[in-house]
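For reference, the structure discussed in these notes is given below.
There are 2 protein chains.
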Amino acid sequence: MTKNNIQLYRNGHPIETGAVVELPKQVEKNGRSIEALSFFKQTITAETITLSYGFEKEDMVIGLGETVKGLNKRGSELVAFCADEPEHLPNKKSLYGAHNFFVVLGKVATGFFIDFPGTIHYDIGFTHKDVFDIKINGTDVAIYKFEAPTLKEVTHLFLSIIGQSYVPPKWGFGYQQCRWSYETADDIRRIGKDMREANIPCDTIYLDIDYMERFKDFTTCDDKFPDFENFVSEMKDQGFRLIPIIDAGVKIEEGYDVYEEGIRDNHFCVNDEGKPFVAAVWPGLVHFPDFFKEETRQWFGDKYKVLTDVGIEGFWNDMNEPAIFYTPKRLKAFYDHVEKSKEKPLDIYSFFDLKGEAESLSSSPEDYRSFYHEVGGELVRHDKVHNLYGYFMTQSAAQGLEAIDADKRFLLFSRASYVGMHRYGGIWMGDNDSWWEHIELSMKLLPAINMCGFMYTGPDTGGFQSDASGELLIRWMQFSIFAPLLRNHAALSSRDQEPFSFEEATTETLKNIIELRYSLIPYLYSSYMKAALERSVYAANLIMAYNDKRTREIEDQLLIGDSLMIAPIYKQNRTGRMVYLPEDMLLWNTKGTAVDSLEVMLAGDHFVPITLAEVPLFIRPDRGIILGSVAETVEQVDATQLTFLGYMKTGIEESYYDDDGLTKAYQQNQSQETTIRVLQSDEGPKASVDFDQESELMNVKIIIMDKTGQRYEGTLTREASSICLEKVSQYDN
Amino acid sequence: MTKNNIQLYRNGHPIETGAVVELPKQVEKNGRSIEALSFFKQTITAETITLSYGFEKEDMVIGLGETVKGLNKRGSELVAFCADEPEHLPNKKSLYGAHNFFVVLGKVATGFFIDFPGTIHYDIGFTHKDVFDIKINGTDVAIYKFEAPTLKEVTHLFLSIIGQSYVPPKWGFGYQQCRWSYETADDIRRIGKDMREANIPCDTIYLDIDYMERFKDFTTCDDKFPDFENFVSEMKDQGFRLIPIIDAGVKIEEGYDVYEEGIRDNHFCVNDEGKPFVAAVWPGLVHFPDFFKEETRQWFGDKYKVLTDVGIEGFWNDMNEPAIFYTPKRLKAFYDHVEKSKEKPLDIYSFFDLKGEAESLSSSPEDYRSFYHEVGGELVRHDKVHNLYGYFMTQSAAQGLEAIDADKRFLLFSRASYVGMHRYGGIWMGDNDSWWEHIELSMKLLPAINMCGFMYTGPDTGGFQSDASGELLIRWMQFSIFAPLLRNHAALSSRDQEPFSFEEATTETLKNIIELRYSLIPYLYSSYMKAALERSVYAANLIMAYNDKRTREIEDQLLIGDSLMIAPIYKQNRTGRMVYLPEDMLLWNTKGTAVDSLEVMLAGDHFVPITLAEVPLFIRPDRGIILGSVAETVEQVDATQLTFLGYMKTGIEESYYDDDGLTKAYQQNQSQETTIRVLQSDEGPKASVDFDQESELMNVKIIIMDKTGQRYEGTLTREASSICLEKVSQYDN
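Protein sequences appear in the order of chains A and B.
Just add 2 to wherever you are in the first sequence, counting from 1, and you've got our numbering.
Just add 2 to wherever you are in the second sequence, counting from 1, and you've got our numbering.
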């Protein structure tokens with residue numbers, strides 16, 4: 003596999019999105035004419051480019067990142083247009099991100115990244131079953147083509163040119179508790195206290211919009227959060243980092259410094275008349291910073307210092323599609339419509355018009371055509387570059403934070419995104435619902451989002467809107483503990499869904515699941531860092547590794563890292579599920595962190611009983627996972643001891659990555675590697691550990707099961723780093 | 003099993019709903035006091051009754067009819083309140099029907115039917131996982147309790163007291179084509195022509211609201227449908243029966259006879275002031291007939307004669323929750339709200355209030371508290387008896403049609419319903435979407451609705467709202483051909499979804515699937531009639547027959563009649579699925595009507611490859627299905643020949659029911675029975691057929707496969723009604 007398999011095609015004068023930053027030298031920077039892109043038939047008009055491809059029978063289409071669809075997009079219609087879409091329904095064509103990387107997987111894998119910041123329509127064999135039509139709403143475009151034998155390789159080619167994934171602080175792998183809203187400092191204190199009293203590990207608590215003074219960015223409300231700085235430090239002393247939200251819109255209010263500076267220095271997007279564009283979001287009327295301007299990005303990014311100065315170490319950027327609740331112009335049109343309606347009795351069509359008018363006040367296409375950005379000194383209408391807005395806001399934040407402390411990892415993620423933004427932060431999966439169907443959706447989103455470069459992601463576990471039951475939260479948590487971003491979040495009108503807000507038995511089960519997460523962090527973090535460094539993915543559909551007929555259609559089992567397969571339950575009242583094993587695996591069906599209930603399972607289909615308390619982990623042959631200890635927070639975990647759990651058919655060699663978790667030293671290869679080997683010998687399995695000099699690790703307990711179901715154990719130390727393992731019966735422990 | 007297992011408990015003075023009509027004599031008509039209902043802890047206040055039950059670990063709750071939930075309702079929250087709910091989302095607590103029959107299935111089965119026409123809240127272990135709370139919004143209630151060892155028996159007890167299911171004409175099992183709207187006679191002609199040219203069997207075409215003159219019930223629009231009577235007969239000559247819609251609201255319009263008679267004879271529901279209540283639905287402002295009055299039911303039911311006189315033989319009653327788009331009173335309040343909003347800049351909460359106000363104009367609880375019915379001479383506020391409205395409208399239609407022709411079966415179904423209405427008509431599953439998830443939902447609804455008495459039901463195949471792909475329609479059709487009501491329906495703004503509206507290959511596949519339906523009608527109709535006559539169900543979850551641990555959690559496979567199991571594909575891009583066989587079965591994975599591709603499958607889990615063209619049918623051991631021929635319409639099918647396909651392990655004896663399909667002679671046991679036996683003998687399997695004297699049937703081709711996979715065939719006639727079957731190799735045919 004060489005990078006020669008990457009080609010660039012261009013038409014017109016594509017806007018520099020910054021998505022591609024590591025194009026290999028052998029690829030001509032200016033690329034070839036789009037007409038040379040023979041994979042697609044092209045129709046180029048003055049306004050649009052349409053690319054058409056005729057499907058072969060077996061072709062799949064995989065990719066496109068954050069969508070409501072499953073693994074194989076064939077038969078679907080999607081639109082790349084960052085949308086504030088709280089209803090994650092099957093017919094929604096857009097969610098928050100615009101991720102124009104996809105792979106046509108037939109006999110070989112052919113990937114494309116369409117680097118274009120406006121709207122793209124994908125009709126993937128929906129209208130005509132064998133026709134894939136891509137309509138690009140513009141003519142200035144760069145298209146990258148990747149060719150390789152497999153999905154895995156072609157994905158690697160794409161990931162290799164867009165730059166390294168954002169890396170969160172290691173505490174960003176801890177359990178995170180959110181709510182719209184914990185309205186006061188005392189609310190937060192109570193949540194922290196309840197978490198600690200329930201002995202549930204937790205690293206962060208979120209500050210949703212109500213922490214601000216009337217929703218003004220970079221303010222805190224003194225009434226609700228008196229002495230904010232001390233409060234931040236009080237919570238940190240208990241192990242909780244507070245993560246405030248930052249919204250895209252800046253409140254129009256005389257005397258508010260951000261507003262006044264923005265006006266003074268022309269930082270805001272302008273309307274037709276060159277005046278700051280006005281829309282309404284949480285704070286009421288706002289202006290939108292023009293993140294397309296370098297100086298605006300720098301100005302806004304610097305503002306995060308207001309909060310880092312008082313001890314804040316992480317942020318989530320929201321409402322940055324940008325979402326618009328209404329504009330004064332559209333509201334006036336609505337009022338006029340109502341006035342006209344009053345004149346005569348409504349017939350039924352005019353009634354639905356009226357209702358529709360109210361519904362379409364928010365994020366209207368007309369509004370997105372009514373403001374402008376300055377791009378390279380010229381004004382560009384927003385809709386033509388819409389998909390970059392959230393990206394550039396998050397870039398602004400990341401660069402601001404870098405200026406504050408160049409070596410520190412901050413937690414940072416966004417709602418809206420575009421490829422390239424993955425270098426600056428993660429994304430969360432947006433405003434889902436407490437629906438069983440949305441557990442399944444988050445299982446589809448995790449690998450799809452990863453494939454487009456965004457490695458740090460996860461759902462609002464338990465569901466944002468609607469009410470969760472304890473069972474739903476448990477089952478969702480059993481999946482989410484495998485996502486890099488593990489956050490429980492609920493909306494204003496939703497029932498409480500903190501782990502301690504249900505019956506005692508539910509709390510106990512959730513505690514065990516979250517503890518399992520903490521003990522898995524050494525493996526999950528190692529897998530994450532390897533994916534970021536090696537330009538591969540953290541979570542993948544089975545087809546990424548197995549590439550056979552059966553795994554093409556399996557989307558409710560995932561690979562996490564190289565060694566682990568998961569098969570969560572995502573339906574109500576289930577006591578088990580069917581699991582397909584592409585090869586023999588070791589099942590650890592665990593109720594917590596104790597390594598018992600191991601079972602070798604043969605390749606094929608199995609009904610696996612899984613009680614509400616159990617999390618099934620499947621370990622691939624000749625591989626293993628590394629487990630740590632549990633503590634209240636990630637940083638408090640004892641790093642001197644680890645447990646290795648492996649499944650041996652012939653022999654195992656696995657290396658685990660670790661680093662300080664807080665700085666960017668990993669960029670200078672300042673990391674530690676622990677290598678574990680288990681080999682067959684005449685005296686039975688023999689294990690050895692290569693301890694890294696820099697690591698705090700003192701001993702590793704090795705547990706393996708061989709293909710006959712015999713369990714072996716042994717503990718290795720720096721002094722005795724190679725030993726023969728001993729047979730143990732399953733229930734000696 | 004005796005009817006002694008039925009108990010009646012009463013409190014206050016329950017309104018006579020007519021749901022229960024065959025209470026066995028040994029059950030005291032007045033029942034016992036509700037306090038004697040020891041299954042539940044009771045809390046009775048002045049306004050409500052709450053029943054509470056503490057779950058045992060293994061308890062399931064099955065029933066409640068038309069809901070968005072799956073087989074086991076445990077963990078869910080539902081509300082019995084007939085609702086015009088076009089969004090069939092996981093958090094919706096009510097759909098169109100109020101079906102208060104449910105079974106707590108633990109070690110034994112305990113069923114309850116709460117006969118109460120107002121709102122009932124079911125918190126089935128949602129708020130607290132082991133607490134089942136039922137809150138009845140009233141104190142006048144009758145509760146029937148049924149006890150039996152199994153779900154099947156307890157369901158039979160319930161079905162045995164509520165009267166026999168509605169029986170449609172046999173042509174009601176044909177394929178039915180609908181659309182909102184085929185607007186003109188020429189549109190209908192074109193649809194008919196296209197169906198015939200594509201050689202796709204079809205029995206009916208629907209007239210949605212636009213056939214009426216400005217949506218006035220019992221009118222036809224002369225412009226769009228000139229010479230309606232001749233048109234009806236022209237279409238019938240081509241084999242198409244036209245099925246018009248009838249809405250609940252009567253347009254307020256001087257000179258419109260239905261309106262004027264209604265006013266003159268006080269047929270309309272009244273408001274607080276005793277004046278006819280005004281709401282807006284399709285026709286604009288309307289009054290609602292007070293179907294609670296016997297004379298109003300009779301008056302409205304007689305109106306159907308306007309359409310039967312011109313040859314109409316079937317109807318669908320719609321909007322009869324009743325749906326309310328708005329009332330003048332609520333609209334005024336909305337206008338006032340808007341006026342107030344204008345006075346000052348909206349903050350964000352007042353903006354959402356405003357939007358919410360527009361959204362809540364329709365079917366508002368306040369409106370349902372603003373009108374009255376006359377019940378036994380007294381005025382009763384609508385909300386207290388809301389769930390009976392659609393029921394009584396459909397009873398009115400059925401009784402009107404009976405008065406028109408007492409012996410004729412009309413096609414009749416409704417949107418809203420309550421237990422008891424099942425005697426007068428079917429229900430369809432309402433306004434779903436072209437979503438894969440809604441194929442799955444319709445698979446959940448079919449057995450759940452059947453269990454509550456409504457045997458004639460089916461989904462809008464292909465989905466009502468949103469756009470369907472060809473693949474979605476094919477997969478949905480592959481399920482819907484097993485539903486009694488097989489109708490394709492799409493909404494105003496949806497893409498065309500007639501079987502001929504896609505690519506040629508899609509049309510061809512749909513044709514084969516619909517032909518399979520027609521060939522299955524002898525079996526499906528026999529199963530339907532047996533269920534109606536024997537008070538059992540037509541379609542059932544596996545648990546109804548097998549009652550074991552695995553089948554408790556299987557809801558994507560169904561039993562249709564006694565001999566057939568189905569396992570449809572309901573996910574995009576699938577080429578197969580997992581199927582659980584509770585016992586050995588014979589798989590007929592068919593591309594149409596030819597009986598090939600037979601395979602014996604052993605009990606257990608199987609991955610079954612199923613191409614887009616294939617419909618897998620699983621035949622239970624020592625049972626079989628009876629297949630007829632295919633024709634353009636049900637009535638044109640050749641009734642002289644049938645094919646029997648059976649799977650023999652030890653011996654088969656199956657009887658099939660048939661009748662004239664058009665009259666109510668079945669009520670006098672005027673029906674035919676064909677019995678087929680296959681027994682092992684020394685010379686191999688020996689088959690015999692008992693031909694019914696009255697039947698047109700002349701010969702039956704018998705095809706069986708034995709457990710070794712050996713296929714045998716033979717054709718039996720009235721002359722040679724007992725023969726030895728001959729071995730054939732699978733591919734002789």
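Cβ atoms here follow ideal geometry from the backbone N, Cα and C, with glycine treated the same way.
In this text, all values refer to a predicted model and were calculated from it rather than measured experimentally.
Counting only beta-carbon separations shorter than 7 angstroms, does residue i have a partner in chain B?
i, result
"Ala360 (chain A)", "yes"
"Lys357 (chain A)", "yes"
"Met479 (chain A)", "no"
"Asp607 (chain A)", "yes"
Measuring only between beta-carbons, confirm whether residue i sits less than 7 angstroms from chain A.
i, result
"Val70 (chain B)", "no"
"Lys446 (chain B)", "no"
"Gln574 (chain B)", "yes"
"Asn735 (chain B)", "Only weak support exists for where Asn735 (chain B) lies, its pLDDT of 46 falling under 50; the coordinates are left without a value."
Would you grab the beta carbon distance between residue i and residue j for me? Rounded to a whole angstrom, and I think it's under 8 angstroms.
i, j, result
"Phe481 (chain B)", "Pro570 (chain B)", "4 angstroms"
"Asn575 (chain B)", "Glu616 (chain B)", "About 15 angstroms separates the two Cβ atoms, so there is no contact after all."
"Glu185 (chain B)", "Lys226 (chain B)", "6 angstroms"
"Ser565 (chain B)", "Ile627 (chain B)", "5 angstroms"
"Arg411 (chain A)", "Ile429 (chain A)", "Incorrect: roughly 17 angstroms between the Cβ atoms, too far for contact."
"Trp437 (chain A)", "Asn93 (chain B)", "6 angstroms"
"Pro203 (chain B)", "Val632 (chain B)", "6 angstroms"
"Gly648 (chain B)", "Ile621 (chain B)", "7 angstroms"
Taking residue i as part of the alpha helix (DSSP H), name the residues at either end of that continuous run.
i, result
"Ala250 (chain B)", "Here Ala250 (chain B) belongs to no alpha helix (DSSP H), and DSSP marks it neither H nor E."
"Ala335 (chain B)", "Pro330 to Glu345"
"Trp437 (chain B)", "Note, Trp437 (chain B): premise wrong, no alpha helix (DSSP H); not H, not E."
"Trp430 (chain B)", "No alpha helix (DSSP H) contains Trp430 (chain B), which is instead part of the beta strand (DSSP E) from Gly428 to Trp430."
"Val169 (chain B)", "Premise fails: Val169 (chain B) is in no alpha helix (DSSP H) and is neither H nor E."
By a C-beta neighbour count over all protein chains shown, 10 Å radius and 16 as the cutoff for buried, is residue i buried or exposed?
i, result
"Tyr582 (chain B)", "buried"
"Phe160 (chain A)", "buried"
"Val387 (chain A)", "buried"
"Met3 (chain A)", "At Met3 (chain A) the pLDDT is 44, less than 50, meaning the model places this residue with poor confidence; the figure from the coordinates comes in the next sentence. Counting Cβ neighbours within 10 Å, Met3 (chain A) comes out exposed, since fewer than 16 surround it."
"Lys27 (chain A)", "exposed"
"Pro763 (chain A)", "Absent from the model: residue 763 (chain A). The displayed extent of chain A is 3 to 735, so no value can be given."
"Arg758 (chain B)", "Nothing in the structure corresponds to residue 758 (chain B), since chain B is present only between 3 and 735."
"Asp2 (chain A)", "Since the displayed chain A opens at 3 and closes at 735, residue 2 (chain A) lies outside it and no answer follows."
Beta strand (DSSP E) containing residue i: first to last residue?
i, result
"Ile326 (chain B)", "Element bounds for Ile326 (chain B): n/a, residue is neither H nor E."
"Gly686 (chain B)", "Gly686 to Asp692"
"Asp2 (chain A)", "Here chain A has residues from 3 to 735 only, and residue 2 (chain A) is not among them."
"Asn591 (chain B)", "Met587 to Thr592"
"Gln643 (chain A)", "Gln643 to Met650"
"Ile483 (chain A)", "Here Ile483 (chain A) belongs to no beta strand (DSSP E), and DSSP marks it neither H nor E."
"Gly606 (chain B)", "Gly606 to Pro611"
Taking beta-carbon pairs under 7 angstroms, can you tell me which members of the region 64-98 of chain A lie near chain B?
Gly72, Asn74, Arg76, Gly77, Pro92 and Asn93
Can you list, in chain order, the residues of the region 129-153 of chain B whose Cβ is nearer than 9 angstroms to any Cβ on chain A?
Thr129, His130, Lys131 and Asp132
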